[in-house]
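Q:
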Amino acid sequence: MFEGKLIKLLIAILFAVFSLSTISAHSEAAKLTSAVVVFSPNSHTKEVGKMIANSKEAPLMEIIPEQPYTADDLNYRLENCRAIVESTDPKARPEIANDLKIVQKYDVIFLGSPVWFRKPPKIILSFLDKYDLKGKKIYVFVTSGGSPVFNYVEELRTLYPQLNFVEGRRFRPDEIQENVDEWLDGLK
Ligand SMILES: Cc1cc2nc3c(=O)[nH]c(=O)nc-3n(C[C@H](O)[C@H](O)[C@H](O)COP(=O)(O)O)c2cc1C
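Numbering (my numbering), first residue to last: 2 to 189.
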C-alpha cells in the first residue's frame with residue numbers, strides 16, 4: 002500500500018520535473034534576441050534596417066566609419082575614388098568609430114549594407130573581424146541598384162567559414178515595409 006503511494010509520488014515528481022524542463026526549453030527558444038546592424042552611407046539600407054528593427058522589436062545599431070565617406074569617396078565614376086581603392090584591396094579594413102560590442106549579446110543579427118561592386122563594402126569585414134559573432138544566426142540584407150545578394154553572401158561565407166550566414170536578401174533602395182515583413186515572416 003505504502004509502496005504504491007510512493008511509486009505514484011515518484012512518478013508525479015518525475016512528470017513535474019520533465020514538464021518544467023520542457024517548458025523552460027520552449028521559453029529558451031522563444032527568447033532568442035535580435036539586433037539590426039547597418040552600414041549605410043546614403044541611408045537607403047538604414048531605412049530597411051529601421052523596418053526590420055520595428056517588426057522584430059530589435060535595436061538598430063549603425064556602423065559609423067572613423068573617416069566618413071564623402072560624395073567623392075563614393076563616386077565610382079572618379080578614377081581611384083576611395084570606394085574603388087578599398088574594394089580592390091583585399092586587406093582594406095576601414096576603421097569603425099563607434100563601439101558595437103553589445104551586438105555580441107544577441108542571438109540573431111540582421112546585418113545590412115549597400116552592395117558595392119557586387120560585394121560587401123570593406124567596413125563590413127572590419128565589423129566581422131572585430132566582433133565575435135560565432136554561434137549566432139546572421140541574416141544579411143542589402144540594398145542595391147540591381148545587383149543580387151548572392152555574390153555578397155558568397156564572399157562572406159568564403160571569408161568567414163566559421164560564421165553562420167543563414168541567408169541573404171536584396172531590397173530596393175526605396176523598399177516598403179510589407180516586402181520586408183514578408184521576408185521576415187518566411188525566415189527559418
Ligand atoms: C561605391 C558604390 C558601388 C556600388 N556598387 C553597386 C553594385 O555593384 N551593384 C548595384 O546594384 N549597386 C551598386 N551601388 C548602388 C548602391 O548599392 C545603392 O545605391 C544602395 O542602395 C546604397 O545604399 P545606402 O543608401 O545604404 O548607402 C553602388 C554604390 C556605390 C556608392
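Each residue gets a CB set at the ideal place from its N, CA and C atoms; glycine is no exception. Fair warning: this is a prediction, and the values are worked out from it, not measured in the lab.
1) For Y153, does the three-state DSSP call read helix, strand or coil?
2) Quick check: what's the CA-CA separation for L157 versus K9?
3) Compare the Cα-Cα distances from S88 to each of I97, E58, L75 and report the closest residue.
4) Compute the Euclidean distance between the alpha carbons of K92 and S148, then round it to the nearest angstrom.
5) Find the nearest neighbour of P162 within the set F118, N99, A72, L129, judged by alpha-carbon distance.
6) Confirm the yes/no value for this check: CB of T46, any heavy atom of ligand 1, distance under 7 Å.
7) Between R119, F142, V150, V167, which has its C-alpha nearest E48's C-alpha?
8) Terminal residues of the continuous beta strand (DSSP E) containing N63?
9) Do P115 and ligand 1 come close, with the Cβ less than 7 Å from some heavy atom?
10) Within 7 Å: the Cβ of P66 and any heavy atom of ligand 2?
11) Is G169 close to chain C? Criterion is C-beta to C-beta, closer than 8 Å.
12) Comparing the CB of G147 with every heavy atom of ligand 1, is any distance shorter than 7 Å?
13) In chain order, which continuous runs of the alpha helix (DSSP H) of length 4 or greater are located wholly inside the stretch 112–159?
14) What are the complete alpha helix (DSSP H) segments, minimum 4 residues, inside the stretch 31–117?
15) Looking at ligand 1, does it come within less than 7 Å of T144, judged from the CB to the closest heavy atom?
16) Measure the C-alpha to C-alpha separation of D182 and N55 and round it to an integer number of angstroms.
A: Let me spell this out:
1) Along the sequence shown, read from residue 1 onward, the residue named residue 153 stands at position 152. Reduced to three states, the DSSP call for Y153 is helix.
2) In the sequence shown, the residue the question calls residue 157 occupies position 156. In the sequence shown, the residue the question calls residue 9 occupies position 8. Straight-line Cα distance between these residues: approximately 56 Å.
3) Translated into positions along the sequence shown, residue 88 becomes position 87. That would be L75, whose Cα lies nearest to the Cα of S88.
4) For the purposes of this step, residue 92 is identified with residue 91 of the sequence shown, where counting begins at 1. For the purposes of this step, residue 148 is identified with residue 147 of the sequence shown, where counting begins at 1. So the alpha carbons of these two residues sit roughly 23 Å apart.
5) Position 161 of the sequence shown, counted from the first residue, corresponds to residue 162. The residue with the shortest Cα to Cα distance from P162 is L129.
6) Locating residue 46 in the sequence shown gives position 45, counting from the first residue. Yes, ligand 1 has a heavy atom inside 7 Å of this Cβ.
7) Here the question's residue 48 lines up with position 47 in the sequence shown. Cα-wise, what sits closest to E48 is F142.
8) Counting from one through the sequence shown, the residue named residue 63 turns up at place 62. Asn is not the amino acid found at residue 63; the sequence shown has Glu there. Where E63 is concerned, the enclosing beta strand (DSSP E) stretches over 61–63.
9) Here residue 115 is taken as the residue at index 114 of the sequence shown, counted from 1. Result yes, Cβ under 7 Å from ligand 1.
10) Summarising the ligand content, the structure contains ligand 1 and does not contain ligand 2.
11) Structure shown: chain C not included; a single protein chain is present.
12) The count along the sequence shown starts at 1 and reaches residue 147 at position 146. Yes - ligand 1 has a heavy atom lying nearer than 7 Å to the Cβ of G147.
13) Segments of the alpha helix (DSSP H) lying fully in the stretch 112–159: 123–131.
14) 45–57, 72–75, 83–89
15) Numbered from 1 along the sequence shown, position 143 holds the residue referred to as residue 144. At least one heavy atom of ligand 1 is nearer than 7 Å to the Cβ of T144, so yes.
16) Taking the sequence shown and counting its residues from 1, the one referred to as residue 182 is at position 181. Taking the sequence shown and counting its residues from 1, the one referred to as residue 55 is at position 54. Put simply, the backbone Cα of D182 is about 10 Å away from that of N55.
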